[in-house]
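Chemist: The opening residue of the sequence shown carries number 826 in this note's numbering; numbering runs sequentially from there.
By construction, the Cβ of each residue, glycine as well, lies at the ideal position given by its N, Cα and C atoms.
For reference, the structure I am asking about is given below.
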Amino acid sequence: MPQSEIIPLEPIQFRILILRGVRVILDADLARLYGVATKRLNEQVKRNAKKFPEDFMFQLTPEEKAEVVAKCDHLKNLRFAKSLPYAFTEHGAIQAANILASDAASEMSVHVVRAFVRLRLLVVNHKAIATKLAELDAKVGAHDEQLAAVIAAIRQLTTPDEPRHCRKIGFHAGNR
């Protein structure tokens, strides 16, 4: 059994973040997965800058870096880094494996892509569930209004009418 089949997707999925509305993996995590130093990965990316358009990779702003460091425990060392990290999209991660041209990077890129795809499916399923819940909520809301009307009608039918105060007709003993 090849080693590529026993690498779990969960550790990779936890490294994928959402920045600027896009799922990305940071250069430090990608380098660790590909078995190279972050410095080497960034060197190769800079040498092949034309292969990385903005939709493949972007550099974090200082604010984004601070937010990532605050939210991700495994990136605490990033706080002390002088340079701003790069974020790679799914396509950027594949391109990075191609420019590194190592067997480990090529093998891991398959797992990274699978993790991105799995997250995409989870989001699609989540949206479908959220849509169904909204539909059910609307139905329940409409049913609540209808039930309230039915209950009000039943209450109106079951409450006894107030007796009228009228004079009784006929002879009554003791009346004069």
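Please state whether the Cβ-Cβ distance between L842 and V893 is less than 8 Å.
Modeler: In contact: L842 and V893 (Cβ atoms closer than 8 Å).
Chemist: According to DSSP, which residues form a beta bridge with M933?
Modeler: For M933, which the question treats as bridged, DSSP gives no partner whatsoever.
Chemist: So L925 is in the alpha helix (DSSP H); what residue range does that whole segment cover?
Modeler: Per DSSP, L925 belongs to the alpha helix (DSSP H) from 915-925.
Chemist: Rounded to the nearest angstrom, what separates K952 and L958 at their Cα positions?
Modeler: Approximately 10 Å between the Cα atoms of the pair.
Chemist: Rank R943, N867, V942, R939 by C-alpha distance to the C-alpha of S908 and give the top, closest one.
Modeler: The shortest Cα separation from S908 among R943, N867, V942, R939 belongs to N867.
Chemist: Please identify the residue among K896, A906, L925 whose C-alpha is closest to the C-alpha of L858.
Modeler: Residue L925 is the option with its Cα nearest to L858.
Chemist: Using 8 Å as the threshold, is the C-beta distance between A929 and L855 below it?
Modeler: No, Cβ-Cβ distance for A929 and L855 is not below 8 Å.
Chemist: Between which two residues does the alpha helix (DSSP H) harbouring A858 extend?
Modeler: The sequence shown places Leu at residue 858, not Ala. That run of the alpha helix (DSSP H) goes 852-859.
Chemist: Can you tell me whether DSSP reads R848 as helix, strand or coil?
Modeler: Strand, per DSSP.
Chemist: Straight-line CA distance for R904 to P910?
Modeler: Their backbone Cα atoms lie some 10 Å apart in a straight line.
Chemist: What three-state label does DSSP hand L842 in the structure shown?
Modeler: L842 falls in the strand class under three-state DSSP.
Chemist: Use the C-beta contact count for K890: other C-beta atoms within 10 angstroms, 16 or more gives buried, fewer gives exposed.
Modeler: Buried, by the Cβ-count rule.
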